[in-house]
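Q: Okay, handing you the structure first.
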Amino acid sequence: MNTQLLLIQVFNGLVNGAFYALLSLGLAVIFGMLRIVNFMHGALYMLGAFAAFALGQAFGLGFWPALILAPLIVGALGMVLERTLLSRLYGLEPSYNLLLTFGLTLLTQDLVKQVMLSQFAVSSAPYTTPDILTGVVNLGFVVFPKYRLFVIALTLVICLVTWFVIEKTRVGAIIRASTENPSVTRAFGIDVSKWVTGVFGVGVGLAGLAGVLAAPIYSVEPYMGAELIITTFAVVVIGGLGSIMGSIVTGFAVGVLAAVGAAIYPPIANTLVFILMAFVLLVRPSGLFGLPEGTR
Amino acid sequence: MTAPHASLLKATPPVSPPPLLQVRDLNAYYGQSHVLHGINLHVQPGEIVSLIGRNGAGKTTTLRSIMGALRTRTGSVTFDGQDILRLPSNRVAARGLAWVPEERAIMSTLTVRENLELPPARPGGWTTERAYEAFPVLRERGHHPGSKLSGGEQQMLAIVRVLRSAPRLLLLDEPSEGLAPVIVQRIGDIIQELRADGLSVLLVEQNLKFATRLADRHYVFVDGEIVDEVSRADALARREDLLKYLSV
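Protein chains in written order, with my numbering: chain A, 1 to 296; chain B, 1001 to 1248.
As structure tokens, then:
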């Protein structure tokens, strides 16, 4: 394989990695504070893409307004779900939450399918890349689609901003304290429940954002989140749940590794991530960046 | 004025201000087990009151119940004349109670400074600068993780941290535990300085020497009940009794 092909694969891997990073970052933020694994994350990613599509169809809004509005809509919906449903299951066995979020996933997928068929008469729809981002960029050593470079860059910025807010600001200190010791943090006069709702909203908002970014690359369809989320969970296992930087680094790294691996030996394309996951589970069960259970 | 009147006046008890904290018939439960049995106690403004007793006698549970960190309890807890039993602990804190738990709860994922600045600042509360002046080590270690402090430094941080919210009553759970005598002495001085500033303190202790040095009154806990109340004046004379309550 020549260098140019390899570089193209690296860039393709970074694009896939950007989606893994955004989704696993959201999962990590949510898991850190709520101690729940949000199995609905893929459906909310799809909902972000669908919201962008629907906003365009219903109000003629283009990519840029959708890039702002769709994550806000998904985030708001997430906060309503957290307040009305998820919050009832805190303190119960994790399987209750798994069933709830899995059930909500099926419900969301089929609801979107119905709406797409009845309102827009399609089962899947393409989404137009904004004009300014169409075409390619010649990076000198490789020619690459502008839009995909934009996805990589924006994702990096969003990930770093999220990391900065959580690790370096007062808001982050409250979130970290609520994660580490919710009852004492509450006794300091901090309304931890409100922060939990907000953090869930931001976490699923990130999924919504990933959905909008994905719309021009993949087509918008009700089950677009289902496959991606399985790979994302593998990424989360590799990186270790709860670590912010870990989820970002692992997201991009796994994206690149999988793409390069697939170029070297194509039959392994769909399984490489899971081979990696199995290997990490064998040598470091808490994940590359995760703390062993009981030390956090 | 005639004699009968005088005797009538004498019979009137001395007027004491209403208690800052009044706990009546407090019962608490962990799951099926009933751990506090009808606790009655009060703290007057400016008073230091200690809860003494063995491990598992219900002292910590009493603090947790007052603060609202333990929800499965019945009875009445009023602070400054207002019922606080139904309030979530964040609103209990907003009324002017602060809790320093036994494990100190210095957050390891926060720096020393972030720990110090975690409780919401309220008028009259300690600023970061004031805390730094009182405890220069906190300034020196400001950017280190909170967990890197020594036990004594963690205890001091745990106490000054809650002062940020200008509490009127401090619930201190075993502040002397596991600390060297010289540090215990220092913690005792801090508590007395805080009282001089007008703070009231409800102190859980197993260290009798420390408790009798500081507290105006002591409640003795045995098996989830208060079995004795001892004033500062009686504490010395009844030292042997008190030691018996504490011995295993």
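Backbone N, C-alpha and C fix where the C-beta goes; we use that ideal spot for every residue, glycine too. Because the structure is a prediction, the values reported are computed rather than measured.
Compare the C-beta of B/Asn1055 with all C-beta atoms of chain A and state if any pair is closer than 8 Å.
A: The residue you call residue 1055 of chain B lines up with position 55 of the second sequence. So, not an interface residue.
Q: Residues of chain B with CB under 9 Å from A/Ile190, in chain order?
A: As a working note, residue 190 of chain A is residue 190 in the first sequence. Chain B residues near A/Ile190: Asn1090, Ala1093, Leu1118, Pro1119, Pro1120.
Q: Which whole-angstrom value describes the C-beta separation of B/Arg1122 and B/Ala1166, a residue pair presumed to lie in contact below a C-beta threshold of 8 Å?
A: Mapped onto the second sequence, residue 1122 of chain B falls at position 122. Mapped onto the second sequence, residue 1166 of chain B falls at position 166. That belief holds up - the Cβ atoms of B/Arg1122 and B/Ala1166 are roughly 4 Å apart, short of 8 Å.
Q: Mind pulling the chain A residues with CB within less than 8 Å of B/Pro1145?
A: Taking the first residue of the second sequence as position 1, residue 1145 of chain B is located at position 145. Those within 8 Å of B/Pro1145 in chain A number zero; the least Cβ separation is about 11 Å.
Q: Using the C-alpha atoms, what's the distance from B/Ile1183 back to B/Arg1104?
A: The count along the second sequence starts at 1 and reaches residue 1104 of chain B at position 104. The count along the second sequence starts at 1 and reaches residue 1183 of chain B at position 183. The alpha-carbon atoms of B/Arg1104 and B/Ile1183 are separated by roughly 15 Å.
Q: Quick one: list the residues of chain A neighbouring B/Pro1018, beta-carbon separation under 7 Å, in chain order.
A: Against the second sequence, residue 1018 of chain B aligns to sequence position 18. Going along chain A, no residue has its Cβ under 7 Å from B/Pro1018, so there is no contact; the nearest lies around 24 Å.
Q: Measure the alpha-carbon distance for B/Ser1065 versus B/Thr1078 and round it to whole angstroms.
A: One-based indexing of the second sequence puts residue 1065 of chain B at position 65. One-based indexing of the second sequence puts residue 1078 of chain B at position 78. The alpha-carbon atoms of B/Ser1065 and B/Thr1078 are separated by roughly 12 Å.
Q: Does any residue of chain B bring its CB to less than 8 Å from the CB of A/Val199?
A: Residue mapping note: residue 199 of chain A aligns to position 199 of the first sequence, counting from 1. Closer than 8 Å: no.
Q: For the alpha helix (DSSP H) holding B/His1034, just list the boundary residues, first then last.
A: The residue labelled residue 1034 of chain B in the question sits at position 34 within the second sequence. Careful: B/His1034 lies outside any alpha helix (DSSP H), inside the beta strand (DSSP E) at 1033-1043.
Q: Kindly list the residues whose CB is nearer than 7 Å to the CB of A/Tyr223, restricted to its own chain and excluding five residues on each side of it in sequence; keep chain order.
A: Here residue 223 of chain A is taken as the residue at index 223 of the first sequence, counted from 1. Closer than 7 Å at Cβ, skipping near neighbours: Gln109.
Q: Do you know offhand how far B/His1042's Cα is from B/Ile1187's?
A: For the purposes of this step, residue 1042 of chain B is taken as residue 42 along the second sequence, with counting starting at 1. For the purposes of this step, residue 1187 of chain B is taken as residue 187 along the second sequence, with counting starting at 1. Whole-angstrom Cα-Cα distance: 23 Å.
Q: Can you give the Cα-Cα distance for B/Thr1127 and B/Gln1185, rounded to whole angstroms?
A: Looking up residue 1127 of chain B in the second sequence gives position 127. Looking up residue 1185 of chain B in the second sequence gives position 185. Their Cα atoms are separated by approximately 24 Å.
Q: If I measure Cβ to Cβ from B/Leu1110 and keep anything under 8 Å in the same chain, skipping five residues before and after, which residues do I get?
A: The count along the second sequence starts at 1 and reaches residue 1110 of chain B at position 110. Closer than 8 Å at the Cβ level, and outside the excluded window around B/Leu1110, lie Leu1118, Pro1145, Gly1146.
Q: Have a look at B/Asn1207 and A/Thr155 and give me their C-alpha separation to the nearest angstrom.
A: In the second sequence, counting from the first residue as 1, residue 1207 of chain B sits at position 207. In the first sequence, counting from the first residue as 1, residue 155 of chain A sits at position 155. So the alpha carbons of these two residues sit roughly 56 Å apart.
Q: Per the DSSP calculation, A/Val220 is bridged to which residue(s)?
A: Along the first sequence, read from residue 1 onward, the residue named residue 220 of chain A stands at position 220. Looking at the DSSP assignment, A/Val220 forms a beta bridge with A/Ala125.
Q: Select from the stretch 18-32 of chain A all residues with a C-beta closer than 7 Å to any C-beta belonging to chain B, and list them in chain order.
A: The stretch 18-32 of chain A vs chain B, Cβ under 7 Å: nothing.
Q: Please report the distance separating the alpha-carbon of A/Met40 from that of A/Gln9.
A: Here residue 40 of chain A refers to the residue found at position 40 when the first sequence is read from its first residue. Here residue 9 of chain A refers to the residue found at position 9 when the first sequence is read from its first residue. Whole-angstrom Cα-Cα distance: 30 Å.
Q: Which residues in the same chain as A/Phe144 place their Cβ atom closer than 8 Å to its Cβ, once the five residues preceding and following it in sequence are excluded?
A: Counting from one through the first sequence, the residue named residue 144 of chain A turns up at place 144. Around A/Phe144: Ile8, Phe11, Val136, Val137.
Q: Please classify B/Pro1175: does DSSP put it in a helix, a strand, or coil?
A: For the purposes of this step, residue 1175 of chain B is identified with residue 175 of the second sequence, where counting begins at 1. Looking at B/Pro1175 - three-state DSSP - the assignment turns out to be coil, as it is neither helix nor strand.
Q: Would you mind sorting A/Thr128 into buried or exposed? The rule is 16 or more other CB atoms within 10 Å of its CB.
A: If you number the first sequence from 1, residue 128 of chain A lands on position 128. Looking at its Cβ environment, which holds fewer than 16 other Cβ atoms inside 10 Å, A/Thr128 is exposed.
Q: Does DSSP put B/Gly1223 in a helix, in a strand, or in coil?
A: Here the question's residue 1223 of chain B lines up with position 223 in the second sequence. Before going further, note that residue 1223 of chain B is Asp rather than Gly in the sequence given. Coil, per DSSP.
Q: If you draw a straight line from the C-alpha of A/Phe233 to the C-alpha of A/Glu227, how long is it?
A: For the purposes of this step, residue 233 of chain A is taken as the residue at position 233 of the first sequence. For the purposes of this step, residue 227 of chain A is taken as the residue at position 227 of the first sequence. Their backbone Cα atoms lie some 10 Å apart in a straight line.
Q: Tell me the rounded alpha-carbon separation between A/Thr231 and A/Asp131.
A: The residue given as residue 231 of chain A occupies position 231 in the first sequence. The residue given as residue 131 of chain A occupies position 131 in the first sequence. So the two alpha carbons sit approximately 31 Å from each other.
Q: So which residues on chain B does A/Arg176 lean against when the C-beta distance must stay under 9 Å?
A: What you label residue 176 of chain A is simply residue 176 of the first sequence in a count that begins at 1. Correct list: Met1107, Thr1109, Leu1110, Glu1114.
Q: So what's A/Thr169 in DSSP terms, helix, strand or just coil?
A: Mapped onto the first sequence, residue 169 of chain A falls at position 169. A/Thr169: coil per DSSP, three-state reduction.
Q: With 8 Å as the threshold, decide whether the Cβ of A/Ser286 is near any Cβ in chain B.
A: On the first sequence, position 286 is the one that residue 286 of chain A refers to. Taking Cβ atoms only, chain B never reaches closer than 8 Å to A/Ser286, which makes this a no.
Q: In three-state DSSP terms, what is B/Thr1123?
A: Position 123 of the second sequence, counted from the first residue, corresponds to residue 1123 of chain B. Here residue 1123 of chain B is Pro; the residue named in the question, Thr, does not match the sequence. Coil at B/Pro1123, not helix or strand.
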